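In our numbering, the protein residues as written are 3 to 139.
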């Protein structure tokens, strides 16, 4: 059976993984800049060390944001696939819009339309056993 929440969850997870890969690429760029800064082989002699600090900030801050939003997307996608905690699933989908726009928009639409598919938290889904079962225990 087709469930929009399951599809939206998968899209959110894929977008979250792509966000974490974006973070990895930015960290590699930071490592390359650090290598150029510290290695005498490249012959970089800047009088102003603030240039490299600015580069670290420009690439480091987006890397941190992509890492956090990617993790939120993966967690939200898992909850969407399980059809639990609609708010967290929607938050993960909204975060995935920032990490990878096409999948994120599709995920937000799918999860927003699937709100009725989500159940309440497991603690609210306690089934009452018939009297015959409780008497046997």
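Backbone N, C-alpha and C fix where the C-beta goes; we use that ideal spot for every residue, glycine too.
Quick caveat: nothing in here was measured; it's all calculated off a predicted structure.
- With a cutoff of 8 Å on beta-carbon distance, residue 102 and residue 17 are scored as near each other.
- Among the bridge pairs identified by DSSP, residue 121 is matched with 86.
- Runs of the beta strand (DSSP E) spanning 3 or more residues and lying entirely within the segment 57–114 do not occur at all.
- Between residue 109 and residue 95 a beta carbon distance of about 4 Å is seen, short of the 8 Å cut, so the two are scored as contacting.
- Ranked by Cα distance from residue 70, the options 91, 90, 55 and 97 are led by 97.
- The continuous alpha helix (DSSP H) containing residue 8 extends over residues 6–40.
- Between the C-alpha atoms of residue 58 and residue 65 there is a straight-line separation of about 10 Å.
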